[in-house]
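S.K.:
There are 2 protein chains.
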Amino acid sequence: MTLSPAETGARRTVRVDLGARGYDIVIGDGLISEAGARIAALFPRARVAIITDETVAELHLPAFKAALEAAGLDHETFPVKPGEASKSFPIFEDLCDRLLASRLERGDVVAALGGGVIGDLAGFVAGVVRRGMPFVQVPTTLLAQVDSSVGGKTGINTRHGKNLVGIFNQPALVLADTAVLDTLSPREFRAGYAEVAKYGLIDDPDFFVWLEENWAGIFEGAPARIEAVAHSCEAKARVVAADEREGGVRALLNLGHTFGHALERGVGYDGALLVHGEGVSIGTVLAHRFSAEMGLCPAEDAERVERHLAIVGLPTHMSDIPGQLPGIPELMRYIAQDKKVSRGALTFILTRGIGRSFIEKGVDPAAVEGFLERSGGGV
Amino acid sequence: MTLSPAETGARRTVRVDLGARGYDIVIGDGLISEAGARIAALFPRARVAIITDETVAELHLPAFKAALEAAGLDHETFPVKPGEASKSFPIFEDLCDRLLASRLERGDVVAALGGGVIGDLAGFVAGVVRRGMPFVQVPTTLLAQVDSSVGGKTGINTRHGKNLVGIFNQPALVLADTAVLDTLSPREFRAGYAEVAKYGLIDDPDFFVWLEENWAGIFEGAPARIEAVAHSCEAKARVVAADEREGGVRALLNLGHTFGHALERGVGYDGALLVHGEGVSIGTVLAHRFSAEMGLCPAEDAERVERHLAIVGLPTHMSDIPGQLPGIPELMRYIAQDKKVSRGALTFILTRGIGRSFIEKGVDPAAVEGFLERSGGGV
Ligand SMILES: NC(=O)c1ccc[n+]([C@@H]2O[C@H](COP(=O)([O-])OP(=O)(O)OC[C@H]3O[C@@H](n4cnc5c(N)ncnc54)[C@H](O)[C@@H]3O)[C@@H](O)[C@H]2O)c1
Ligand SMILES: NC(=O)c1ccc[n+]([C@@H]2O[C@H](COP(=O)([O-])OP(=O)(O)OC[C@H]3O[C@@H](n4cnc5c(N)ncnc54)[C@H](O)[C@@H]3O)[C@@H](O)[C@H]2O)c1
Ligand SMILES: [Zn+2]
Ligand SMILES: [Zn+2]
Chain A
1 MTLSPAETGA RRTVRVDLGA RGYDIVIGDG LISEAGARIA ALFPRARVAI
51 ITDETVAELH LPAFKAALEA AGLDHETFPV KPGEASKSFP IFEDLCDRLL
101 ASRLERGDVV AALGGGVIGD LAGFVAGVVR RGMPFVQVPT TLLAQVDSSV
151 GGKTGINTRH GKNLVGIFNQ PALVLADTAV LDTLSPREFR AGYAEVAKYG
201 LIDDPDFFVW LEENWAGIFE GAPARIEAVA HSCEAKARVV AADEREGGVR
251 ALLNLGHTFG HALERGVGYD GALLVHGEGV SIGTVLAHRF SAEMGLCPAE
301 DAERVERHLA IVGLPTHMSD IPGQLPGIPE LMRYIAQDKK VSRGALTFIL
351 TRGIGRSFIE KGVDPAAVEG FLERSGGGV
Chain B
1 MTLSPAETGA RRTVRVDLGA RGYDIVIGDG LISEAGARIA ALFPRARVAI
51 ITDETVAELH LPAFKAALEA AGLDHETFPV KPGEASKSFP IFEDLCDRLL
101 ASRLERGDVV AALGGGVIGD LAGFVAGVVR RGMPFVQVPT TLLAQVDSSV
151 GGKTGINTRH GKNLVGIFNQ PALVLADTAV LDTLSPREFR AGYAEVAKYG
201 LIDDPDFFVW LEENWAGIFE GAPARIEAVA HSCEAKARVV AADEREGGVR
251 ALLNLGHTFG HALERGVGYD GALLVHGEGV SIGTVLAHRF SAEMGLCPAE
301 DAERVERHLA IVGLPTHMSD IPGQLPGIPE LMRYIAQDKK VSRGALTFIL
351 TRGIGRSFIE KGVDPAAVEG FLERSGGGV
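Top to bottom, those sequences are chains A and B.
Position 35 of the first sequence, counting from 1, maps to 35 under the UniProt record's numbering, and the rest follow consecutively.
Position 51 of the second sequence, counting from 1, maps to 51 under the UniProt record's numbering, and the rest follow consecutively.
#1: Work out the CA separation of B/Phe207 and A/Ile167 for me, nearest whole Å.
#2: Can you find a C-beta in chain A that's less than 8 Å from the C-beta of B/Thr347?
#3: Count Cβ pairs between the stretch 89-101 of chain A and the stretch 61-74 of chain A that sit closer than 8 Å; are there 3 or more?
#4: The beta strand (DSSP E) with A/His75 in it runs from where to where?
#5: Name the one or two DSSP bridge partners that B/Ser86 has.
#6: Using C-beta distances below 8 Å, list every residue in its chain close to B/Arg11, excluding the 5 sequence neighbours before and after it, in chain order.
#7: Any residue with its C-beta under 6 Å from a non-hydrogen atom of ligand 3 counts. Can you list them all in chain order?
#8: Identify which residue in A/Val249, A/Asp147 and A/Arg307 has its Cα closest to the Cα of A/Leu211.
#9: Is A/His160 close to ligand 2? I mean its beta-carbon at under 7 Å from any heavy atom of the ligand.
#10: Ligand 2 and B/Gly362: does any heavy atom of the ligand fall closer than 7 Å to the residue's C-beta?
#11: Throw me the rounded Cβ distance for the B/Leu201 and B/Ile354 pair, which I believe falls under 8 Å.
#12: Rounding to the nearest angstrom, what Cα-Cα distance links A/Ser281 and A/Met318 in this structure?
#13: When the cut-off is 8 Å and only beta carbons count, does A/Gly353 lie next to chain B?
#14: Spell out the partners DSSP gives B/Gln137 in its beta bridges.
#15: How many Å lie between B/Gly247 and B/Val240 at the Cα?
#16: Restricting to Cα atoms, I'd like to know which of B/Met332, B/Leu121 and B/Thr77 is closest to B/Gly370.
#17: Which one or two residues does DSSP pair with B/Tyr23 in a beta bridge?
#18: For B/Leu316, is the beta carbon positioned less than 7 Å from some heavy atom of ligand 2?
#19: Going straight from the alpha carbon of A/Lys153 to that of B/Met133, what length do you get?
#20: Quick one: residues in its chain with C-beta nearer than 6 Å to the C-beta of A/Thr13, no 5 flanking neighbours on either side, listed in chain order?
#21: By alpha-carbon positions, which one of A/Phe78, A/Val136, A/Gly115 and A/Asp301 ends up nearest to A/Val209?
#22: Please classify B/Arg103 as buried or exposed, where buried requires at least 16 other C-beta atoms within 10 Å of its C-beta.
#23: Mind checking whether the beta-carbon of A/Leu184 lies closer than 7 Å to any heavy atom of ligand 1?
#24: Quick one, which of A/Val146, A/Phe78 and A/Thr258 has its alpha-carbon nearest A/Arg238's?
#25: Please find out if some non-hydrogen atom of ligand 1 comes closer than 7 Å to the beta-carbon of A/Ile118.
#26: Of all the options B/Gln324, B/Val305 and B/Glu54, which has the alpha carbon lying nearest to the alpha carbon of B/Tyr193?
#27: Alpha carbon to alpha carbon, how far is A/Gly83 from B/Gly266? Give it in angstroms, no decimals.
#28: Should B/Thr158 be flagged as near chain A, meaning a C-beta pair shorter than 8 Å?
#29: Using a C-beta to C-beta distance shorter than 9 Å, which residues of chain B count as neighbours of A/Ile167?
#30: Flag A/Gly19 as yes if its beta-carbon sits less than 8 Å from any beta-carbon of chain B, otherwise no.
#31: Taking contact to mean 3 or more Cβ pairs, one atom from each stretch, closer than 8 Å, check whether the stretch 283-298 of chain B and the stretch 156-175 of chain B are in contact.
#32: Could you pull the start and end residues of the beta strand (DSSP E) that B/Leu164 belongs to?
#33: In three-state DSSP terms, what is B/Thr52?
#34: Given this structure, state the Cα-to-Cα distance separating A/Ala336 from B/Glu105, to the nearest angstrom.
#35: How do the stretch 255-264 of chain B and the stretch 346-366 of chain B stand: do at least 3 beta-carbon pairs fall below 8 Å, yes or no?
#36: Here's a check: name, in chain order, each residue in its chain whose Cβ is nearer than 6 Å to the Cβ of B/Gly313, leaving out the five neighbours to either side.
So, in structure tokens, the structure goes:
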């Protein structure tokens with residue numbers, strides 16, 4: 001793998017190849033200042049409905065608005081409270097109503113300025129108001145830049161679980177300004193990093209090696225940060241282009257997520273205890289260790305994964321989660337209810353080693369339960 | 001045009017040609033008794049979530065359930081109150097929640113058993129639960145059989161207007177049992193007939209002539225009824241295949257609808273005063289008379305359209321609407337706010353004569369206003 005050196009001011013463009021619904025992901029430091037010109041190039045004279053959260057608005061909305069104004073684009077801001085709770089029916093309905101009240105027309109544009117919560121929510125709203133308005137993702141967390149803003153999954157949570165109501169809705173453009181990550185808390189940055197590492201672990205061992213060597217630069221905001229985001233987007237774009245609606249290979253993106261989701265649910269989605277990327281980190285380690293226990297993956301590889309995630313400061317064991325997790329039987333119930341379960345059989349992403357993951361349908365629930373007990377989790 | 005004679009027991013199949021998302025519309029008397037077998041052929045072992053309204057449930061749910069059971073399909077019914085008010089956010093949210101609570105999986109199926117209200121609502125729900133479950137339309141009104149169940153427009157109403165929140169979501173199958181129309185009120189049947197006539201008026205003068213000759217048979221439920229539904233579905237399927245997302249020719253389906261929608265809104269969507277198809281009937285006559293006044297369409301053609309709609313018992317003049325309509329300036333405001341308005345210019349479907357309609361962008365609002373005043377409506 002050759003990773004071209006990126007300089008500050010450099011822009012990387014990754015194309016998501018979905019035919020007529022294809023779009024560019026543009027990545028670079030300071031990109032928000034170009035947002036107006038780049039949006040106007042696609043939607044001249046559009047009005048821009050900015051959906052954002054209050055924290056992001058405080059930090060980055062002025063620059064975004066200034067960029068729109070410089071390009072002569074009219075805009076209106078629709079703020080919501082920060083946090084997962086905004087991905088809900090009442091906020092969804094309220095946003096639809098506010099967008100309609102502001103007399104946006106079908107050719108106008110919705111911009112999602114924020115993390116994955118805002119992207120998922122705004123993408124769903126944009127997809128249903130007047131049966132679909134174009135929308136632009138302006139992801140402001142590392143997780144959103146490398147994962148949630150790409151690929152078109154949008155939606156909200158319900159009392160039955162996360163992301164259970166939504167649509168596939170591809171954006172028209174993704175603008176990932178890596179400089180806005182400077183204001184992100186180290187904890188949120190690390191959480192996003194778990195998804196970056198995931199791309200190496202799925203099918204790209206060279207990238208994982210590169211991360212082992214360059215992670216410190218990525219955390220410092222060096223050009224390696226742009227490179228890591230661009231490379232992650234390329235990986236996700238490739239999978240999405242091959243399988244837009246998750247009929248097949250797209251499921252590989254769920255590496256570490258079946259365990260991770262169960263842990264997130266185990267803490268009642270309390271972000272103070274565990275945020276998504278942290279659950280993914282622990283889940284990824286568990287997936288490798290489970291694969292090793294089944295004799296599929298070398299034990300050294302599982303250890304190497306654990307070592308790398310630990311060195312950046314991510315949790316890697318269930319015991320790293322503060323407070324009490326539910327017992328193993330309860331965690332097994334969550335796992336069985338996970339979306340990726342089909343007609344009672346357990347589907348897991350397992351691996352034969354670093355960068356060698358695969359989809360395994362019909363994993364024996366008893367094997368998972370025994371593994372979790374030996375892992376000392378959940379009691 | 002040759003219209004093949006249809007016999008009772010005969011099934012007509014119309015294909016909606018949308019590539020991978022294409023589907024069949026099957027039409028015939030007594031088709032509900034075959035629903036289980038036909039659904040099982042596409043979705044073996046699926047569980048069927050039946051969304052229906054209480055009126056339709058009373059009349060036709062037992063036969064539908066029996067058919068599912070005969071095919072070995074498990075099912076659960078989710079009834080809502082009949083009427084337009086069910087196309088609302090609260091009912092939408094409640095249905096999503098109830099479907100999720102019933103632990104349907106992604107491979108299960110939603111069936112919409114009812115008129116256009118049920119089809120629009122259930123199609124939207126099916127499109128968002130777990131980011132999309134397959135769904136089957138089982139339309140039970142003439143309007144739903146010839147119009148709303150075909151083409152994938154789904155959604156709900158908001159306080160800002162009708163159908164303003166929703167998605168394009170194509171069904172996997174449409175089963176139009178023409179025998180269930182026997183229980184439909186004559187008024188609702190006539191309302192659906194306005195949409196049947198519309199297909200002749202858009203681009204199929206031979207079909208309009210055939211309707212002039214065969215309308216009585218259609219109302220009696222003779223084989224002509226199956227023929228009229230099948231021919232209408234063919235017409236709609238053709239337009240939808242050419243322009244799924246209403247970027248172009250699909251707008252022709254709105255013939256009569258800009259005026260019609262304004263009138264529906266003028267009575268506050270009170271179905272006791274005016275149902276959708278009645279608004280379309282008056283709107284269609286107005287569109288022809290307006291075109292005639294502009295010198296585009298022979299006056300005889302406008303008169304012939306009015307005569308035919310009147311003979312089947314449909315209203316054709318604004319004065320046929322009981323109660324008081326708002327004044328012309330208010331109706332003009334509704335017209336200007338109609339979805340088909342783009343950047344301030346008025347778009348109308350006008351016509352050069354029977355079966356010769358076309359899209360005219362940039363109609364002068366003053367001309368419309370003057371025409372409405374001369375038509376004596378709204379005061
Ligand atoms: N659609 C997908 O494919 C996909 C994939 C993965 C995750 N997700 C979803 O993404 C969500 C998580 O995303 P997230 O981690 O970005 O959460 P988030 O949007 O809640 O952002 C995390 C926190 O960071 C703050 N923040 C955002 N940008 C900031 C910045 N530049 N500086 C300072 N603070 C900032 C936010 O206000 C918030 O408090 C979850 O809801 C998850 O389900 C979706
Ligand atoms: N999606 C589209 O492309 C599209 C196109 C046109 C209209 N629509 C929508 O369709 C709706 C109107 O549809 P509709 O006219 O079918 O209304 P509807 O669904 O309300 O049905 C009309 C009435 O007939 C009753 N009914 C239904 N089937 C019956 C039967 N077989 N016997 C006795 N009673 C029966 C219903 O209970 C209801 O009271 C509107 O909401 C409109 O916006 C959608
Ligand atoms: Zn994730
Ligand atoms: Zn209509």
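Don't be surprised by glycine CBs; every beta carbon is placed ideally from N, CA and C.
M.R.: The relevant details are as follows:
#1: The count along the first sequence starts at 1 and reaches residue 167 of chain A at position 167. The count along the second sequence starts at 1 and reaches residue 207 of chain B at position 207. Computed Cα separation, rounded: 39 Å.
#2: The count along the second sequence starts at 1 and reaches residue 347 of chain B at position 347. Chain A contact via Cβ: absent.
#3: no
#4: One-based indexing of the first sequence puts residue 75 of chain A at position 75. Counting along the chain, the beta strand (DSSP E) containing A/His75 begins and ends at His75 to Val80.
#5: Stepping through the second sequence from its first residue, residue 86 of chain B is reached at position 86. B/Ser86 is not bridged to any residue.
#6: Residue mapping note: residue 11 of chain B aligns to position 11 of the second sequence, counting from 1. Within the same chain, B/Arg11 has close Cβ partners Val26, Ile27, Gly28 and Leu31.
#7: A/Asp147, A/Glu195, A/His257, A/His276 and A/Val280
#8: Here residue 211 of chain A is taken as the residue at index 211 of the first sequence, counted from 1. Closest option to A/Leu211, Cα to Cα, is A/Arg307.
#9: Translated into the one-based positions of the first sequence, residue 160 of chain A becomes position 160. No, the Cβ of A/His160 stays beyond 7 Å of every heavy atom of ligand 2.
#10: Looking up residue 362 of chain B in the second sequence gives position 362. The answer is no for B/Gly362.
#11: Taking the first residue of the second sequence as 1, we reach residue 201 of chain B at position 201. Taking the first residue of the second sequence as 1, we reach residue 354 of chain B at position 354. That belief holds up - the Cβ atoms of B/Leu201 and B/Ile354 are roughly 6 Å apart, short of 8 Å.
#12: Along the first sequence, one-based indexing puts residue 281 of chain A at 281. Along the first sequence, one-based indexing puts residue 318 of chain A at 318. Looking at the two C-alpha atoms, the distance is approximately 10 Å.
#13: Here the question's residue 353 of chain A lines up with position 353 in the first sequence. Chain B, which has no Cβ nearer than 8 Å to the Cβ of A/Gly353, makes this no.
#14: Here residue 137 of chain B corresponds to residue number 137 of the second sequence, with the count starting at 1. Note: B/Gln137 sits in a beta bridge opposite B/Ala112 and B/Val174.
#15: On the second sequence, position 247 is the one that residue 247 of chain B refers to. On the second sequence, position 240 is the one that residue 240 of chain B refers to. Those two C-alpha atoms are separated by around 11 Å.
#16: As a position in the second sequence, residue 370 of chain B is number 370, starting the count at 1. The candidate whose alpha carbon is nearest that of B/Gly370 is B/Met332.
#17: Locating residue 23 of chain B in the second sequence gives position 23, counting from the first residue. Note: B/Tyr23 sits in a beta bridge opposite B/Val16.
#18: Along the second sequence, read from residue 1 onward, the residue named residue 316 of chain B stands at position 316. The sequence shown places Thr at residue 316 of chain B, rather than the Leu named in the question. Because no heavy atom of ligand 2 lies under 7 Å away, the Cβ of B/Thr316 does not count as near it: no.
#19: Numbered from 1 along the first sequence, position 153 holds the residue referred to as residue 153 of chain A. Numbered from 1 along the second sequence, position 133 holds the residue referred to as residue 133 of chain B. Rounded to whole angstroms, A/Lys153 to B/Met133 spans 15 Å at the Cα level.
#20: As a first step, residue 13 of chain A is located in the first sequence; it is residue number 13 there, counting from the start. Here the set comprises Asp24 and Val26.
#21: Position 209 of the first sequence, counted from the first residue, corresponds to residue 209 of chain A. Nearest C-alpha to A/Val209: A/Asp301.
#22: Here residue 103 of chain B refers to the residue found at position 103 when the second sequence is read from its first residue. Burial call: exposed.
#23: The residue labelled residue 184 of chain A in the question sits at position 184 within the first sequence. Because some heavy atom of ligand 1 lies under 7 Å away, the Cβ of A/Leu184 counts as near it: yes.
#24: Taking the first residue of the first sequence as position 1, residue 238 of chain A is located at position 238. Here the closest residue by C-alpha is A/Val146.
#25: For the purposes of this step, residue 118 of chain A is taken as the residue at position 118 of the first sequence. Result yes, Cβ under 7 Å from ligand 1.
#26: In the second sequence, residue 193 of chain B corresponds to position 193, counting from 1. Here the closest residue by C-alpha is B/Val305.
#27: Along the second sequence, read from residue 1 onward, the residue named residue 266 of chain B stands at position 266. Along the first sequence, read from residue 1 onward, the residue named residue 83 of chain A stands at position 83. Taking the straight line from one Cα to the other gives about 42 Å.
#28: Within the second sequence, residue 158 of chain B is the residue found at index 158, counting from 1. At least one chain A Cβ lies under 8 Å of B/Thr158.
#29: Reading the first sequence from its first residue, position 167 is the one you call residue 167 of chain A. In chain order: Gly127, Val128, Arg131, Gly132, Ile167 and Asn169.
#30: For the purposes of this step, residue 19 of chain A is taken as the residue at position 19 of the first sequence. No, no contact with chain B.
#31: no
#32: By one-based count along the second sequence, residue 164 of chain B stands at place 164. It spans Gly161 to Phe168 - the beta strand (DSSP E) in which B/Leu164 sits, taken as one unbroken run.
#33: Translated into positions along the second sequence, residue 52 of chain B becomes position 52. B/Thr52: strand per DSSP, three-state reduction.
#34: Numbered from its first residue, the first sequence carries residue 336 of chain A at position 336. Numbered from its first residue, the second sequence carries residue 105 of chain B at position 105. Rounded to the nearest angstrom, the two C-alpha atoms are 12 Å apart.
#35: yes
#36: Here residue 313 of chain B is taken as the residue at index 313 of the second sequence, counted from 1. Excluding positions up to five away in sequence, the list reads Arg190.
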